[in-house]
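S.K.: Residue numbers (the numbering used here), protein chains in the order written: chain A, 2 to 332; chain B, 150 to 477; chain C, -12 to 347.
Glycine is no exception: its CB is placed at the ideal position from the N, C-alpha and C atoms.
Sharing a structure with you now.
As structure tokens, then:
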């Protein structure tokens, strides 16, 4: 399988009046064609910013984006100028956002918002574009798609709007689809439908999907591999099942432990990771998670822990990675 | 929509009725009449004038006479027209009656003569306001926090801070004396209206600049603009198709109050530039106690402003599909 | 490692607020501390505040300063151009002529006379066609204009806030009715009302004087009665939305009494929007006073206000000789003050309304 997207050593820094904030620090990941990579973390972990950086949507003052390479196939997006990036956006790399109500233009019809993508990227006429758009709406399971083209976003339900967003993103058959919290704003039952839809479409078109979320349930159901992010850095990488079975980083352990478990005895306190996420403008030297970690010791504050490989195809930025792997049964 | 218009019309009728009644009785209950400033007249002549303009009738009768097409005159002598019928039809038939001051003219005549002038002046002012204001506001939003933005915002705030007759004064000094390009006063050619139109429209241009700047900034920070960029649309398309419509909605709502303000401001500007519009008539009529003219202009202005506000509300619903006509 | 070229225009496109949420510092300040800090941070608003305070100080101290009389008439042929302070700093031509001053001002003037005697500043800003010193008229005029603005605004404040708060608080049909009335009043071109009222007041001036109601007070009330409408609408809107907010519910849930809810929770929130509108109404009222003075319905000589000054200035535009100082200096003073008020109003609005943070 070819690699659809390969990001190497991506960093994003914001120079603001509050200080310089390293929102993303030396992040690297890659996605194969037809694969789904989950990017998990709390708010402020830098997951959204990373994806925006790939798309070239980080506002340039105050944002500063640096990377060794951001390879889309064999082309380096990092070296593209603004115009070239614009041509790639929406056509080869597309994005679906969290809140479909605010992400769609309330003053334009659904049809208009769909056809303009085709008009701009593929030079279609309005008539041709409308046909393609209707087909696209049908593909995402919207009934009577031709009539829907004339509707305004506020006339549709939440689930339908998100389907429209997905249709819009997939119109030009992109190689990579970035989905930033695509189900967070939806009801639980609709969430499942949308995820199913995305999986089907992925199978049909062979799209690589970067699934960004803070919801471990979504990750478990959908991704092939997972990157866990904390304070702008990737702290653990693994395939989905092994990650859930045997996490190799204390933060991942904490996340998994925080999921309320039906088998627990009633009356026990729910677990949550002690402490607060760090202020990105004032990160501690060394491991960012150390202040909240039970296993923290002096070496943890000495420098950012190197990424170890405690087991094949598993990476973790914790000094205790191998210990954890053994404890969890990964080895 | 018909229901909406109907309700608006009813409220308007009510408003107008209140305005007319209150002003009518107020003007007449205050002592002093329209002919006080004249040289003292022979009492017989004075009586005739009183009778001719029906000032000797009880007030309620004068009021009804003023409003409706009732033929209330009993005796046929000494009436306008003098053939036994009172040619004054009342405002419900669109007849505002004779001017008490300008004896040879009816109010309708005066309005017909001066209204087109005022309307042209007002339209030019509105045009100035929109062109200047929108350009400045949009440019300000796009080049936010650059020197251009700061300069434009300063100019806008200054435009709001100075009274329009001061701005007019400066303009006159500049364009009439220092750089004699434009005529200073009077009415005749389109050039005559350029300067007064600018002075009249300047404060509104300033306000529109602020409104459009804020509106654009608001829209540009919304999620759907981010989506538009993420779709790979070129910058100009994002601006024109996605941002402009939403960003300029506040300006549309402002058009109502703006027109009312332009009408008000015209009172001063017409005086300074000696333009024979309805504005100058209004002030003089109030001071001269010319009841009919004063009422006529008031009614006219109220109709204009109300009508324009209704048009603006309608336009708003066409522009924003989320808004349904409320049952106001 | 080239950066993509920066977009020519700043077309927004990403929610900076949500991106930088994690770096917002949590200091737990109260609304007022937060607002004051933000106001101080905005340089324009800060300087506007300083300017207004300084100007206000000079204005209050006007009777004490060695200014020429603002009303002493010297029948000359034409206005005299400005005399630069370095050419002639002062002279001894002081004539203590004023209109009817109140007791405090009278004593201040006597104080000035005892300190400075005959000496006064020269005509640094020139004189008008009646020989009156422009600088003095500007400073004395500011007192009248500012007084009118504040008094009228307070009038509109009183009426507007009570009406709006009551309407919002009662809600339901009463609220509907009250707002209908406001709508009807709104569509009446108020300029006519004012002109009517003032003409009527002119008629009855003698009776009113006898009861101690001088023309100015009527003036304030009339103007105030025009501007209360917007204040009422704004306050009512605020009260309505506050009534439904969760923090009012929360306060109830923890057992706060109604009084406490009103004073501790509702009033501060309404107050901030009222303050903002106040600072934006004052310049509007000043302009309106100038407008009325232009039409001859405002302040009357020998008293002086900025409106009258602007009127004097705009009337003396003749093609032969341009008496530029008659219009430039009063316009500069008026413009600067109103500009400062508007900037301060904007600054206050940004400082007090957290939702607007980051928009500018």
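Pull up the distance between the alpha-carbon of residue 93 (chain C) and that of residue 272 (chain C), whole angstroms please.
M.R.: C-alpha separation (whole angstroms): 28 Å.
S.K.: Flag this pair as yes or no: are the beta carbons of residue 28 (chain A) and residue 55 (chain A) separated by less than 8 Å?
M.R.: Against a cut-off of 8 Å, the Cβ pair of residue 55 (chain A) and residue 28 (chain A) comes out as no contact.
S.K.: Report all residues from its chain with a CB closer than 7 Å to the CB of residue 9 (chain C); omit the five preceding and five following residues, and keep chain order.
M.R.: Its pLDDT being 38, under 50, residue 9 (chain C) is placed unreliably in this model, and the value from its coordinates should be taken loosely. No residues qualify anywhere along the chain.
S.K.: What are the residues of the segment 449 to 476 of chain B that lie near chain A, defined by any Cβ-Cβ distance shorter than 9 Å?
M.R.: From the segment 449 to 476 of chain B, only 468, 469, 470, 471 have a Cβ closer than 9 Å to chain A.
S.K.: By the 10 Å Cβ neighbour count, where 16 or more other Cβ atoms means buried, how is residue 328 (chain C) classified, buried or exposed?
M.R.: It is buried - the Cβ of residue 328 (chain C) has at least 16 other Cβ atoms within 10 Å.
S.K.: Is there at least one Cβ from chain A nearer than 8 Å to residue 375 (chain B)'s Cβ?
M.R.: It does: the Cβ of residue 375 (chain B) has a partner Cβ on chain A nearer than 8 Å.
S.K.: Counting only Cβ-Cβ distances shorter than 9 Å, please list the residues of the segment 107 to 125 of chain A near chain B, keeping chain order.
M.R.: The segment 107 to 125 of chain A vs chain B, Cβ under 9 Å: 107, 108, 109, 110, 113, 114, 117, 118, 121, 122.
S.K.: So, is the C-beta of residue 288 (chain C) closer than 8 Å to a C-beta in chain B?
M.R.: So no, residue 288 (chain C) is outside the interface.
S.K.: List the residues of chain C that residue 447 (chain B) touches, going by C-beta distances under 7 Å, in chain order.
M.R.: Residues of chain C passing the Cβ test: 179.
S.K.: With 16 other CB atoms within 10 Å as the buried threshold, where does residue 150 (chain B) fall?
M.R.: Looking at its Cβ environment, which holds fewer than 16 other Cβ atoms inside 10 Å, residue 150 (chain B) is exposed.
S.K.: Taking the alpha helix (DSSP H) that residue 379 (chain B) belongs to, which residues open and close that run?
M.R.: Taken as a continuous stretch (DSSP letters only), the alpha helix (DSSP H) holding residue 379 (chain B) covers 372 to 379.
S.K.: Please confirm whether residue 297 (chain C) has its beta-carbon closer than 8 Å to some beta-carbon of chain B.
M.R.: Chain B, which has a Cβ nearer than 8 Å to the Cβ of residue 297 (chain C), makes this yes.
S.K.: Identify, in the order they occur along the chain, each residue of the same chain with its Cβ nearer than 8 Å to the Cβ of residue 101 (chain A), setting aside the five sequence neighbours on each side.
M.R.: Closer than 8 Å at Cβ, skipping near neighbours: 154, 159, 162, 163, 165, 166, 186.
S.K.: Any beta-carbon of chain C closer than 8 Å to the one on residue 408 (chain B)?
M.R.: No, residue 408 (chain B) lies away from the interface with chain C (no Cβ there is under 8 Å from its Cβ).
S.K.: Return the CA-CA distance between residue 316 (chain C) and residue 283 (chain C), expressed in angstroms with no decimal places.
M.R.: Approximately 22 Å between the Cα atoms of the pair.
S.K.: Among residues of its own chain, excluding the 5 on either side of residue 348 (chain C), which ones have a beta-carbon nearer than 7 Å to its beta-carbon?
M.R.: Any property of residue 348 (chain C) remains undetermined from this structure, which presents chain C solely from -12 to 347.
S.K.: Is residue 15 (chain A) helix, strand or coil when you go by DSSP?
M.R.: Residue 15 (chain A) falls in the strand class under three-state DSSP.
S.K.: If you measure between the beta carbons of residue 119 (chain C) and residue 57 (chain C), is that distance less than 8 Å?
M.R.: Yes. Within cutoff.
S.K.: With a threshold of 8 Å on Cβ separation, who are the neighbours of residue 148 (chain C) within its own chain once the five nearest residues in sequence on each side are excluded?
M.R.: Cβ neighbours of residue 148 (chain C) beyond the five flanking positions: 218, 219, 222, 257, 261.
S.K.: Identify, in the order they occur along the chain, each residue of the same chain with its Cβ nearer than 8 Å to the Cβ of residue 295 (chain A), setting aside the five sequence neighbours on each side.
M.R.: Answer for residue 295 (chain A): 251, listed in chain order.
S.K.: Residue ranges of each alpha helix (DSSP H) run of no fewer than 4 residues wholly in the segment 113 to 146 of chain C, ordered along the chain?
M.R.: Segments of the alpha helix (DSSP H) lying fully in the segment 113 to 146 of chain C: there are none.
S.K.: Helix or strand or just coil, what does DSSP make of residue 79 (chain A)?
M.R.: Note: residue 79 (chain A) maps to helix in three-state DSSP.
S.K.: Could you tell me the alpha carbon to alpha carbon distance between residue 210 (chain A) and residue 282 (chain B), rounded to whole angstroms?
M.R.: Those two C-alpha atoms are separated by around 46 Å.
S.K.: Whole-angstrom Cβ separation of residue 287 (chain C) and residue 135 (chain C), contact assumed at under 8 Å?
M.R.: The Cβ separation is near 13 Å, so there is no contact.
S.K.: I need the DSSP call for residue 92 (chain B), collapsed to helix, strand or coil.
M.R.: A query on residue 92 (chain B) cannot be resolved here, the shown segment of chain B reaching from 150 to 477 and no further.
S.K.: Closer than 7 Å by C-beta to residue 255 (chain A): which residues in its own chain qualify, once you throw out the five before and the five after it? Chain order, please.
M.R.: Cβ neighbours of residue 255 (chain A) beyond the five flanking positions: 274.
S.K.: Compare the C-beta of residue 171 (chain C) against all C-beta atoms of chain B and say whether one is closer than 8 Å.
M.R.: Residue 171 (chain C) counts as touching chain B.
S.K.: Is the CB of residue 281 (chain C) under 8 Å away from at least one CB in chain B?
M.R.: It does: the Cβ of residue 281 (chain C) has a partner Cβ on chain B nearer than 8 Å.
S.K.: So with CB distances below 7 Å, who are the chain C contacts of residue 312 (chain B)?
M.R.: The answer, in chain order, is 274, 277, 278, 297.
S.K.: How many angstroms separate the CA atom of residue 356 (chain B) from the CA atom of residue 402 (chain B)?
M.R.: Answer to the nearest angstrom: the Cα atoms are 12 Å apart.
S.K.: For chain B, check one thing: does any of its Cβ atoms lie closer than 8 Å to the Cβ of residue 206 (chain A)?
M.R.: Not an interface residue.
S.K.: So, using beta-carbon positions, are residue 446 (chain B) and residue 427 (chain B) closer together than 8 Å?
M.R.: It is a contact, given that the beta carbons lie within the stated cut-off.
S.K.: Which residue from C:48, C:66, C:107 puts its Cα closest to that of residue 75 (chain C)?
M.R.: Looking at the Cα atoms, C:107 is the closest of the given residues.
S.K.: Closest to residue 38 (chain A) by CA distance: which of A:281, A:213, A:278 is it?
M.R.: The option with the nearest alpha carbon to residue 38 (chain A) is A:213.
S.K.: Return the chain-ordered ranges of every alpha helix (DSSP H) run that is complete within the segment 209 to 243 of chain C and spans a minimum of 4 residues.
M.R.: Counting only runs of 4 or more, we get 233 to 240.
S.K.: Run through the DSSP bridge pairs and tell me what residue 8 (chain A) is partnered with.
M.R.: Bridge partners of residue 8 (chain A): A:30, A:71.
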